[in-house]
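Engineer: full-length UniProt numbering puts the first residue of the sequence shown at 1, with every later residue one more than the last.
Cβ atoms here follow ideal geometry from the backbone N, Cα and C, with glycine treated the same way.
Since the model is a prediction, treat every value here as computed from it, not as a measurement.
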Amino acid sequence: MLKHSKPKTLLAYSCPRTQLALLQLMDQGVIKSMKRRYRKQLLSKLLFEGDDNEEEAACSIVHFWKVLTLKDCVYLISEAWESVTEHTLKRSWRGLAPYLVVAVAELNILLKQIPGYGNCEQDDVSSWLDCDADDAGFQLMSDDEIIAQVRKPNSGDDNRESDEDEVIETSKISNSDAFECFARGLMWLEQQD
Numbered sequence: 001m002l003k004h005s006k007p008k009t010l011l012a013y014s015c016p017r018t019q020l021a022l023l024q025l026m027d028q029g030v031i032k033s034m035k036r037r038y039r040k041q042l043l044s045k046l047l048f049e050g051d052d053n054e055e056e057a058a059c060s061i062v063h064f065w066k067v068l069t070l071k072d073c074v075y076l077i078s079e080a081w082e083s084v085t086e087h088t089l090k091r092s093w094r095g096l097a098p099y100l101v102v103a104v105a106e107l108n109i110l111l112k113q114i115p116g117y118g119n120c121e122q123d124d125v126s127s128w129l130d131c132d133a134d135d136a137g138f139q140l141m142s143d144d145e146i147i148a149q150v151r152k153p154n155s156g157d158d159n160r161e162s163d164e165d166e167v168i169e170t171s172k173i174s175n176s177d178a179f180e181c182f183a184r185g186l187m188w189l190e191q192q193d
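1. Helix, strand or coil, according to DSSP, for Asn-119 in the structure here?
2. Specify the secondary structure class of Arg-184 as computed by DSSP and reduced to three states.
3. Below 9 Å between beta carbons: does that hold for Met-141 and Ala-80?
4. Along the chain, where does the alpha helix (DSSP H) containing Tyr-13 start, and where does it finish?
5. Quick check on DSSP: helix, strand or coil for Ser-142?
6. Give me the Cβ distance between Gln-41 and Leu-76, rounded to the nearest whole Å; I'm assuming they're in contact under 8 Å.
7. So, Gly-185 versus Ser-92, is the Cβ gap smaller than 9 Å?
8. For Cys-181, which residues in the same chain have their Cβ closer than 6 Å to its Cβ, ignoring the five residues on either side in sequence?
9. Of the choices Arg-37, Ser-14, Leu-47, whose alpha-carbon is the least far from that of Asp-144?
10. What three-state label does DSSP hand Ser-174 in the structure shown?
11. Below 8 Å on the Cβ atoms is my guess for Cys-120 versus Leu-111; work out the distance and round it to an integer in Å.
12. Is Pro-115 near the ligand FAD, judged by its Cβ being under 8 Å from some heavy atom?
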């Protein structure tokens, strides 16, 4: 396909080094959040596999680091990335595309059009928009709170529990039915242009 394409004009733009961080979305706090979550996963794994006796715990920490594989780390990174919230990703776009941020005056005009909210002032809208400005993206906890949370299995997995409680009965599809559906799908695909 590329062999037969005609050459076209290619433009390359250079960015000053000071502006590169603005263009790199992951530098806007997403990687920082993921690293924190990875470290939490790693410490959770260490605490769950650790012993209560201090001497045995010191030996088990060394043993933990020796038996920790790259595969384990990749799985921990995967879990950490999956736990990065949509809110964190959206918040990272603020620095990258400030033109996407709606002005307070615009929101105030829109808010006054909603029945019952006509008396809201611009300061009210500003404080509502900035209510999470001091949010670091994680909850500050003491060491005891962290240990208590880590030792509670499935403390934050309420969604998983509700999915496990829900059992859906499905009938087994026979090989002939599956083959027939597959053949029909192929016929449909061949008819598409």
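Structural biologist: Walking through what the data contain:
1. coil
2. helix
3. no
4. Tyr-13 -> no alpha helix (DSSP H), and no H or E assigned at all.
5. coil
6. 5 Å
7. no
8. none
9. Leu-47
10. coil
11. 5 Å
12. Summarising the ligand content, the structure contains no ligands, and the ligand FAD is consequently not present.
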